[in-house]
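Peer 1: For reference, the structure I am asking about is given below.
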Amino acid sequence: MPLSRAPDSVLQEQRKKDEHIHHKKRRHSGTNHLSHQNLGKKEETSASVNNMNDSPKRANFSALTSQSNGLNRHASPLVNSKPGTTRKLIIKNFKEKPKLPDNYQHETWLKLKEAVEAIHTSHSIKASLEELYQAVENLCSHKVSTALYDELKLVCECHVRSNIHQFLGDCVDSEQFLKHMNVCWQDHCRQMIMIRSIFLFLDRTYVLQNSAVASIWDMGLELFRLHIISNNTVQTRTIDGLLMLIERERNGEAIDRQLLKNLLRMLSDLQIYQSSFEKKFLEKTDCLYAAEGQRLMQERDVPEYLSHVDKRLHEENERLLHYLDQTTRKPLISRVEYQLLAQHLSSILQKGVEQLLEMNKISILTLMYQLLGRVKDGLKEMCFTFAIYLKKKGKLIVTNPEGDIEKDKDMVQQLLDFKDQTENIINTCFAKNEKFVNATKESFEYFINQRQNKPAELIAKYVDSKLRAGNKEATEEELERLLDKIMVLFRFIHGKDVFEAFYKKDLAKRLLVGKSASVDAEKSMLSKLKQECGGGFTSKLEGMFKDMELSKDIMLAFKQHMTSVQAPGNIEMTVNILTMGHWPTYIPMDVHIPVEMVKFQEIFKKFYLGKHSGRKLQWQSTLGHCVLKASFAEGKKELQVSLFQTLCLLMFNDGSDFSFEEIKQATAIEESELRRTLQSLACGKARVLAKMPKGKDVDTRDIFRFNDDFKHKLCRIKINQIQMKETPEENTSTTERVFHDRQYQVDAAIVRIMKTRKTLSHTLLISELYNQLKFPVKPSDLKKRIESLIDRDYMERDKDVANQYHYVA
Amino acid sequence: MSTSRIFSQYSKLPPIRKPHNNNDTKRLSLECSEGQVTALFDLYKNDEDCIDEEGIVKFCNDLGVKPDDFIVLVLAWKFNAELMGRFTRTEFVSGCKAIQAHSIKWIQSKFPLLLAEVQNRQTFKEFYRWSYKFCLTVEPGQRTLSTEVAIQMWTIVFSQREPPILPRWFRFLERHESIRGIPKDTWDMFLPFTEQVRLDLTNYDESEAWPSLLDDFVEYESDLHNQNVQMQE
Chain A
1 MPLSRAPDSV LQEQRKKDEH IHHKKRRHSG TNHLSHQNLG KKEETSASVN NMNDSPKRAN
61 FSALTSQSNG LNRHASPLVN SKPGTTRKLI IKNFKEKPKL PDNYQHETWL KLKEAVEAIH
121 TSHSIKASLE ELYQAVENLC SHKVSTALYD ELKLVCECHV RSNIHQFLGD CVDSEQFLKH
181 MNVCWQDHCR QMIMIRSIFL FLDRTYVLQN SAVASIWDMG LELFRLHIIS NNTVQTRTID
241 GLLMLIERER NGEAIDRQLL KNLLRMLSDL QIYQSSFEKK FLEKTDCLYA AEGQRLMQER
301 DVPEYLSHVD KRLHEENERL LHYLDQTTRK PLISRVEYQL LAQHLSSILQ KGVEQLLEMN
361 KISILTLMYQ LLGRVKDGLK EMCFTFAIYL KKKGKLIVTN PEGDIEKDKD MVQQLLDFKD
421 QTENIINTCF AKNEKFVNAT KESFEYFINQ RQNKPAELIA KYVDSKLRAG NKEATEEELE
481 RLLDKIMVLF RFIHGKDVFE AFYKKDLAKR LLVGKSASVD AEKSMLSKLK QECGGGFTSK
541 LEGMFKDMEL SKDIMLAFKQ HMTSVQAPGN IEMTVNILTM GHWPTYIPMD VHIPVEMVKF
601 QEIFKKFYLG KHSGRKLQWQ STLGHCVLKA SFAEGKKELQ VSLFQTLCLL MFNDGSDFSF
661 EEIKQATAIE ESELRRTLQS LACGKARVLA KMPKGKDVDT RDIFRFNDDF KHKLCRIKIN
721 QIQMKETPEE NTSTTERVFH DRQYQVDAAI VRIMKTRKTL SHTLLISELY NQLKFPVKPS
781 DLKKRIESLI DRDYMERDKD VANQYHYVA
Chain B
1001 MSTSRIFSQY SKLPPIRKPH NNNDTKRLSL ECSEGQVTAL FDLYKNDEDC IDEEGIVKFC
1061 NDLGVKPDDF IVLVLAWKFN AELMGRFTRT EFVSGCKAIQ AHSIKWIQSK FPLLLAEVQN
1121 RQTFKEFYRW SYKFCLTVEP GQRTLSTEVA IQMWTIVFSQ REPPILPRWF RFLERHESIR
1181 GIPKDTWDMF LPFTEQVRLD LTNYDESEAW PSLLDDFVEY ESDLHNQNVQ MQE
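Okay, structure coming up:
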């Protein structure tokens, strides 16, 4: 039979063997009509392909393609597409049509039907599959495809319909039912695949050419959907069974995931997954997790709850991986997130954030960040709560509500630790989220300014303690890093002038008493300040360093000068020349200085003014220090003491006992200062004086005596730490000076503004002032300054418009 | 045309007063000669050619008023007196001329007119502002009025028409000894304060340009008020 070969192989061989072209022509003629039909459809495409593949190898064929009856590789939809090869065949029909036996169609169909039924009943097929396939092919070739398809459909329908009965019985439990269903479905699929293989030719020709006709496979699905799953009872039982299985799994039971997967695949294949299963499944999910969320929020604490949520999300993902359709991913996960997280967002945050941050629970915080990042506004809210916590905790550190002085001392260290901890959490838990970083900055700025002035003062003192000599706890790099951290805190401070005042005061002491740990560290801090606040802020501080350097030069010259002058007594003197504006203001204290020293001062004064005429020298005794040689019973010692201490001690060269009053008279040191001085000499660690009566505090009636029995393991003893200590008076005067300076600054700003504007309303003036002033100031204080300026005739109020001011030239 | 329009404005001038009034003024202006005023001044002046406190007491007695009467202050304002308790010759003479009076009787007859004049809001404002300076110069070089003097002065200035807030204001000032003086600006602003701010102080806005002393006053008052409310509860 010439009909025995499939057309695709014909075409392939055509390309290979030109010499057998006649033979092939003959063989091909059986499927002639088919090829022609398709040729018509594809002509355009092939032409373009030809043009594109205009290679020399195929030059012979280009002539042929111009003829209308061309054949090429695109001719049949059954041909595998291989680019490039096009050939022209001329096919001639038989002169006489071959005839078929009259009952051929009927008999062939019977044979096929028998095979189909055998498949349906799982019996062996009598005929060979090859034979059956050819039968189908032949029938199709004889234009009975439609009838064949319809007959096949009828047989299949009959079979599928008969299958419904096993599902209508009501005694089986639901899992059993599902298993039945699965078996039925698997059988159905297997059978349909078998049938399709036999009827492949029908599927590939007739079905493909008629878009209205479903493929054999689809027809099988349609039948299954129509006759089995569309049955209400069956569908409900299936879906309920599936949902129950899932629920059991969610409750922790192990279930047959393969069964679930198969059946859900079935639903997907039948295209009822979404409509009949997914909707109900999601509803169930909602219900379950709504209830679970409510319950667990009550029962568990936040870390437990969060890990549970994490576990649940993981499980649901597993479900998606193992049996659920991928389209369910988004709605399912978002529902779980909504019910377990979004619904309880505020309680999670309220109950959890503060506690977790307080305990520095890195892992749980990380989890919380990850989970809340999944829900809408989750991170926003979390960041908000985070900021509230920072503000609350920070405010507590800064404001020190109990007024505990010891706590104030720790404030800066606490703040630094707090900052470190917060940064650590943001870096490790919050993925360095910008939002959290900014919230931290904003919160720190907020709470550090909740208390006026004190934080700035304490930061300055903290820096002082780190820059002082004898601070051996840090290497240079560590110190540098610490200073950087402090600068971060400093940046948040609004009233930087307070910092400057205290910093300057302490710096002056470090420089003058020679207690600065390292010039490099000092310079580094200075450059940091300059970078942060500009040169205006540090110009005076720089001036102080310059003064110190200049003083060194001057002292060199002075020493040289001294060689030509007779020195009074056996004294060496070092003088530091301080430019007045650069240094803190010291109230000059006139004390009685020994004659030799006064002489020395005179010599220096003459020397200095000789070099720089027109300058005025004023001696500041508060920060002077001396080294004294003392002879005790134990031996000679060198005492490093302040000038005031010196004055007291020198008295004991002329006598052994002096009363407080006597010392006061002789030295003219101010009483509270003297009290401190004597205390340091008689009640401190190194007691070079003995006090009668003994005691910690100095009374005005006390008597002091040179302590000849004084013993100390060192030869050179420092007793002048007292100079480095800040007295309460110093503290208040420094603060007050800042406030005074602020007043001047406000006044200057008001006058400056009024001078440019001439006339300005009160509100505009105030707002402009706030723009210009760099320290915190209350509106009522500004008002007072304005009033003061009106009173001093720098400006006046408009006679009629009370809200308006005029500049008075 | 234009000239006629200019002239036509004359017709809009207020009509001349009634005949007998007119006669009075005429006679007054005739009789209010410098000589008579000088004679009146000489009656009260002291050796330094001005009327000192003693003279003023006498002058007031003759006028039938007390020296701390409101009208005396108005008179001083009209005389443009620079110092309290003193009239210089020029002040007295030009002042008498200004009110067109040359004798005690005449001055007395002007009292209603003067009182009516300070009833006017604008005039009162001028008078009010002047009164601060008038008090100041008791000690030369003084710039700020002491609270005590200010309170006395306010009492006199407002004696004709006392603002309801005044007693509370005084109570506030008396209870706060730290308030040493009243600056001129605060004095000036107190008048609009009495005019503009409601008695319950609810429409007071401290972000406006009120002097800080008034801010403090309002804060004090509202604190008091709140305490009262709490005590009642």
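Respectively, the protein sequence lines represent chains A and B. Heads up, the final residue of the first sequence is numbered 809 in the working numbering, and it's a clean run with no missing numbers. Heads up, the final residue of the second sequence is numbered 1233 in the working numbering, and it's a clean run with no missing numbers. Even for Gly, the Cβ is constructed at its ideal location relative to N, Cα and C.
Chain A partners of Ser1131/B, CB-CB under 8 Å?
Peer 2: Chain A residues near Ser1131/B: none, gap ~16 Å exceeds 8 Å.
Peer 1: Check the Cβ-Cβ distances between Val549/A and every residue of chain B, and say whether any is below 7 Å.
Peer 2: What sits at residue 549/A in the sequence shown is Glu, not Val. Not one chain B Cβ lies under 7 Å of Glu549/A.
Peer 1: Select from Ala508/A, Asp150/A, Asp218/A the residue whose C-alpha is nearest the C-alpha of Asn576/A.
Peer 2: Considering only alpha carbons, the answer is Ala508/A.
Peer 1: Output yes if chain A places a C-beta closer than 7 Å to the C-beta of Asp1215/B; else output no.
Peer 2: Asp1215/B counts as touching chain A.
Peer 1: Give the secondary structure of Met589/A by DSSP, where H, G and I count as helix, E and B as strand, and everything else as coil.
Peer 2: Coil.
Peer 1: Within the same chain, show all residues whose beta-carbon is closer than 8 Å to that of Met1036/B, passing over the 5 residues directly before and after it, in chain order.
Peer 2: Sequence check: residue 1036/B is Gln here, not Met. So the list reads His1102, Ser1103, once near-sequence residues are dropped.
Peer 1: What's the gap between the Cα of Lys755/A and the Cα of Trp1154/B?
Peer 2: If I take the Cα positions, the gap works out to 34 Å.
Peer 1: Val463/A: which of Ile448/A, Arg451/A, Leu479/A sits nearest, CA to CA?
Peer 2: If we check each option's Cα against that of Val463/A, Leu479/A comes out closest.
Peer 1: Would a check of beta-carbon distances place Gln743/A closer than 7 Å to chain B?
Peer 2: Judged by the 7 Å Cβ criterion, Gln743/A is not in contact with chain B.
Peer 1: If you measure from the beta carbon of Lys279/A to each beta carbon in chain B, is any gap under 7 Å?
Peer 2: With 7 Å as the cut-off, Lys279/A does not count as an interface residue toward chain B.
Peer 1: Can you give me the start and stop residues for the beta strand (DSSP E) that Ser767/A sits inside?
Peer 2: No beta strand (DSSP E) contains Ser767/A, which is instead part of the alpha helix (DSSP H) from 762 to 772.
Peer 1: Which bits of chain A does Asp1185/B rub up against, with CB to CB less than 7 Å?
Peer 2: Ordered by position in chain A, the residues that pass the 7 Å Cβ test against Asp1185/B are Glu787, Ile790, Asp791, Arg797.
Peer 1: At 8 Å on the CB atoms, spell out the chain B contacts of Asn803/A, in chain order.
Peer 2: The contacting residues are Glu1208, Ala1209.
Peer 1: Cβ of Pro1192/B less than 7 Å from any chain A Cβ?
Peer 2: Pro1192/B counts as touching chain A.
Peer 1: Please decide whether Asp1024/B counts as near chain A, where near means a Cβ-Cβ distance under 7 Å.
Peer 2: In this predicted model, Asp1024/B has a pLDDT of only 47, less than 50, meaning its place in the structure is not dependable; the value taken from the coordinates is given anyway. No - not a single Cβ of chain A is within 7 Å of the one on Asp1024/B.
Peer 1: Excluding the 5 residues preceding and the 5 following Glu736/A in the sequence, name in chain order all residues of the same chain whose CB lies nearer than 7 Å to its CB.
Peer 2: Within the same chain, Glu736/A has no close Cβ partners at all.
Peer 1: Need the endpoints of the beta strand (DSSP E) that His625/A sits in, please.
Peer 2: It spans 625 to 631 - the beta strand (DSSP E) in which His625/A sits, taken as one unbroken run.
Peer 1: Rounding to the nearest angstrom, what Cα-Cα distance links Asp1216/B and Asp1223/B in this structure?
Peer 2: Between Asp1216/B and Asp1223/B, the C-alpha separation is close to 10 Å.
Peer 1: Does the stretch 639 to 654 of chain A come close enough to the stretch 606 to 619 of chain A that 3 or more CB-CB pairs lie under 8 Å?
Peer 2: Touching, no, given that fewer than three Cβ pairs across the two stretches are closer than 8 Å.
Peer 1: Does the stretch 353 to 368 of chain A come close enough to the stretch 317 to 332 of chain A that 3 or more CB-CB pairs lie under 8 Å?
Peer 2: Flag = no, the stretch 317 to 332 of chain A and the stretch 353 to 368 of chain A do not touch.
Peer 1: Look up Thr236/A in the DSSP assignment and say whether it is helix, strand or coil.
Peer 2: Three-state result, Thr236/A: helix.
Peer 1: When you compare the CB positions of Phe281/A and Val234/A, do they come within less than 7 Å of one another, or not?
Peer 2: For Phe281/A and Val234/A, no; Cβs fall outside 7 Å.
Peer 1: Is it the case that the Cβ atoms of Ile119/A and Gln209/A are separated by a distance below 7 Å?
Peer 2: Cβ distance not < 7 Å, so Ile119/A and Gln209/A don't count as in contact.
Peer 1: Could you tell me if Thr440/A is buried or exposed, where buried requires 16 or more neighbouring beta carbons within 10 angstroms of its beta carbon?
Peer 2: Counting Cβ neighbours within 10 Å, Thr440/A comes out buried, since at least 16 surround it.
Peer 1: Check whether the stretch 148 to 160 of chain A touches the stretch 195 to 205 of chain A, counting contact only when three or more Cβ pairs, one atom from each stretch, lie closer than 8 Å.
Peer 2: Verdict: yes, contact present.
Peer 1: Does the Cβ-Cβ distance between Gly1181/B and Thr1123/B come in under 7 Å?
Peer 2: Taking 7 Å as the Cβ cut-off, Gly1181/B and Thr1123/B do not qualify as a contacting pair.
Peer 1: Quick one: using the 10 Å Cβ neighbour count with 16 as the cut-off for buried, is His314/A buried or exposed?
Peer 2: With fewer than 16 other Cβ atoms within 10 Å, it is exposed.
Peer 1: Suppose you measure from the CA of Leu819/A to the CA of Phe277/A; what does that come to, to the nearest Å?
Peer 2: What the structure shows of chain A is the stretch from 1 to 809, and residue 819/A is not part of that stretch, so it cannot be assessed.
Peer 1: Is the separation between the beta-carbon of Leu782/A and that of Leu764/A shorter than 7 Å?
Peer 2: In this structure, Leu764/A does not lie closer than 7 Å to Leu782/A by Cβ.
Peer 1: Evaluate Asn262/A with the Cβ neighbour count: other Cβ atoms within 10 Å of its Cβ, from every protein chain shown; 16 or more gives buried, anything less gives exposed.
Peer 2: It counts as buried.
Peer 1: How about Val207/A and Ser215/A: are their beta carbons less than 7 Å apart?
Peer 2: Yes, the pair counts as a contact, with Cβ atoms nearer than the cut-off.
Peer 1: Just how far apart, CA to CA, sit Gly378/A and Gln452/A?
Peer 2: Taking the straight line from one Cα to the other gives about 35 Å.
Peer 1: According to the Cβ coordinates, are Gln723/A and Val591/A closer than 7 Å?
Peer 2: The answer is no: Cβ separation not under 7 Å.
Peer 1: Which whole runs of the alpha helix (DSSP H) in the stretch 631 to 665 of chain A are 4 residues long or more, in chain order?
Peer 2: Listed in chain order, they are 643 to 651.
Peer 1: Measure the C-alpha to C-alpha separation of Leu1063/B and Phe1111/B and round it to an integer number of angstroms.
Peer 2: Spanning the two alpha carbons is a distance of roughly 10 Å.
Peer 1: For Ser753/A, name the three-state secondary structure that DSSP assigns.
Peer 2: Looking at the sequence shown, residue 753/A is not Ser but Ile. Three-state result, Ile753/A: helix.
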